[in-house]
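Since the structure comes first, as structure tokens, the remarks are kept for the end.
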Amino acid sequence: MINRNNVNRIKFMAFIILCIPTVSLQAQRIYTLDECRTMALQNNVVVRNAANNVKSSLQDKKEAFTKYFPDVSANGIGYNANKGLLQLDVMPGMRLSLLKNGVAGGISLTQPVFMGGQIVNGNRLAAVGVEVSKVQKEQSENEVRLTVEQYYWQVVTLQEKLATLHTVEKQLESINKDVETAVNAGITTRNDLLQVQLRRNDIESSRINLENNLSVCRMMLAQYIGLESDTIAIESRIPVDDVPVFPQDLYYDHANALLLTTGYRLLESNVRASKLQHKMAVGKNLPSVAVGAGYMYDDLMDKSHPFAIGFVSVSVPLSGWWGGSHAIKKQKLQVTNAENRLADSSELLVIAMQKAWTDMQDAYKQILIAHKSIEQSTENLRLNEDYYHAGTTTMSDLLDAQTMFRQSRDKYVEAYAQFQIKTVEYLQATGR
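If you read the sequence shown in numbering that gives the first Met the number 0, its first letter stands for residue 0, the second for the next number, and so on.
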């Protein structure tokens, strides 16, 4: 007699087994390019470190701001000597010993009044540091966006190549059946069948290599955007039949775009920082004035002695001007170098924009050529199939036509992916 509990257990286990593929497929979420970009900007270590650098520069700015406020310090001392620190001979045979032990201490407050502009310029320099860190963070984000774009389209390209390979495998399977029938009927030689089988082996080998490369690229993309490598799948969307329209409206006047680029803004900030450092070098050699007050206490002769004090401090560097004048001249040369770099690099940035625009145009032309090749190779394959069935061409010609068909589609997806990457490069080169 069959145990009903055992039957229910078997049904439950069968249900679990059937559900496992479903759960796996549900976990394999398909990610779009925008989602990959967003996740990379949230999770990538380069962006996180850049954000920390911004926070660090903000702390430097806050630290510089504290220099405006008084400097408060407290100190104290206590001692006990084996004999008085002050020995006085009052009369022959009589010596007075004083200050054998005691305590002293106090608290003082010093407010800088004039420091040669070092405090003001130090705060301005810290503000420039914050701006630089923010621009560098923007550069890091652009770098991450471009890298994600490259990884993403690499995965999509490999997926499209696999899809083309699958189409070719189906074609070869159909050809193999037709040739087997023809060989069995004595219409053609076995050599044709061997050629087809060898080509199928080559296609299978290519498929294995593509699958391995695709697996590695998926892992690279997943790691870059902060996901587990076995949970990522990419939306494949290269329209082979429809050629994209060239985005002429993306062009931006390169002279105007220069001010938007991160490279120019960093160079400009470097000039401002150099000028502030020059002012600080001058300020170090100017007189400094500070006012202060303090409260002191001592008990050195077994008597409490508290008192308050106010003071003005003036410091005038005299011999310091000898070395300081050289430091000032050095900083002045650094300002000139920064201005020279700004002028030279600005020209290079404009050239880089023009190159990025030309590369984008060239990539689009490659799409047009590759699309035309698809049309021609498809027609060539169709004709060779008809000719082979009519007995007017060889199997080698048919297989060569099939190879050209596959290569033309592969080149198209490569050109399409490259165009997408070049578009992002141009947008970033023009500060967008």
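Glycine included, each C-beta is placed from N, C-alpha and C at the ideal position.
Determine the burial state of residue i: buried for a count of at least 16 other Cβ atoms within 10 Å of its Cβ, exposed for fewer.
i      : result
GLN86  : exposed
MET90  : exposed
ALA26  : Reliability fails at ALA26, whose pLDDT of 48 lies under 50, so the model's placement of it is uncertain and no value is given.
HIS277 : buried
LYS337 : Per the sequence shown, residue 337 should be read as Ala rather than Lys. Burial call: buried.
LYS133 : buried
GLN247 : exposed
ILE207 : exposed
VAL131 : buried
ASN383 : buried
THR260 : buried
SER314 : exposed
HIS370 : buried
LYS421 : buried
LEU193 : exposed
TYR223 : buried
THR21  : Caution is warranted here: a pLDDT of 39 is assigned to THR21, below 50, making its placement in the model unreliable, and the coordinate value is therefore given only provisionally. Burial call: exposed.
PHE404 : buried
ALA416 : buried
ALA254 : exposed
Would you say residue i and residue j are within 9 angstroms of each other, going by their C-beta atoms?
i      : j      : result
GLU75  : ASP298 : In the sequence as displayed, the identity of residue 75 is Gly instead of Glu. Contact flag unset, no.
ALA191 : ALA181 : It is Asp, not Ala, that sits at residue 191 in the sequence shown. Closer than 9 angstroms, so yes.
GLY225 : ALA39  : yes
ALA362 : ALA428 : no
PRO243 : PHE64  : no
ILE308 : MET295 : yes
ALA272 : GLY128 : yes
LEU380 : ALA400 : yes
LYS459 : LYS60  : This structure leaves residue 459 out entirely; the chain is present only between 0 and 431.
VAL154 : ASN43  : no
LEU32  : VAL147 : yes
LYS220 : TYR263 : For the sequence presented, residue 220 should be read as Leu rather than Lys. No, they are not a contact pair.
GLU234 : TYR30  : yes
TYR251 : MET359 : no
LEU398 : TYR386 : no
THR37  : VAL71  : no
GLU159 : ILE202 : no
LEU213 : MET352 : no
VAL270 : VAL290 : no
GLN135 : ASN52  : yes
ALA232 : ARG47  : no
PHE68  : SER287 : no
GLU62  : ALA125 : yes
What span of residues does the alpha helix (DSSP H) with residue i cover, start to end?
i      : result
SER395 : 394-428
GLY462 : Because the chain in this structure spans residues 0 to 431, residue 462 falls outside the shown range and cannot be described.
LEU171 : 117-183
VAL334 : 319-389
ASP56  : Correcting the residue type first, residue 56 is Ser in the shown sequence and not Asp. Its alpha helix (DSSP H) spans residues 44-64.
ASN255 : 253-256
Once DSSP output is grouped into helix, strand and coil, what is the label at residue i?
i      : result
MET218 : helix
VAL102 : strand
TYR30  : strand
SER72  : strand
MET38  : helix
VAL89  : strand
SER273 : helix
ARG431 : coil
GLY262 : helix
LEU108 : strand
VAL313 : strand
ILE237 : coil
LEU24  : Low confidence applies to LEU24: its pLDDT is 37, below 50, so where it sits in the model is not reliable, and the reading given next is rough at best. Here LEU24 sits in helix by DSSP.
Can you give me the start and stop residues for the beta strand (DSSP E) that residue i sits inside?
i      : result
SER436 : A query on residue 436 cannot be resolved here, the shown segment of the chain reaching from 0 to 431 and no further.
LEU95  : 93-97
ILE186 : Looking at the DSSP string, ILE186 is not in any beta strand (DSSP E), and its letter there is neither H nor E.
List the whole-angstrom C-beta distance separating residue i from residue j, where the pair is believed to meet the contact cut-off of C-beta under 8 angstroms.
i      : j      : result
ILE118 : GLY293 : Between GLY293 and ILE118 the Cβ distance is about 22 angstroms, and since that is not below 8 angstroms, they are no contact.
SER434 : ILE373 : Outside the shown range of the chain, which is 0 to 431, sits residue 434, and nothing can be said about it.
GLY104 : LYS283 : Incorrect: roughly 32 angstroms between the Cβ atoms, too far for contact.
LEU171 : VAL195 : 6 angstroms
GLU267 : LEU341 : 6 angstroms
LEU161 : LEU209 : 5 angstroms
VAL178 : THR166 : Not a contact, Cβ separation roughly 19 angstroms.
With a threshold of 9 angstroms between beta-carbons, can residue i be considered close to chain B, or not?
i      : result
LYS278 : No chain B appears in the structure shown, which is made up of a single protein chain.
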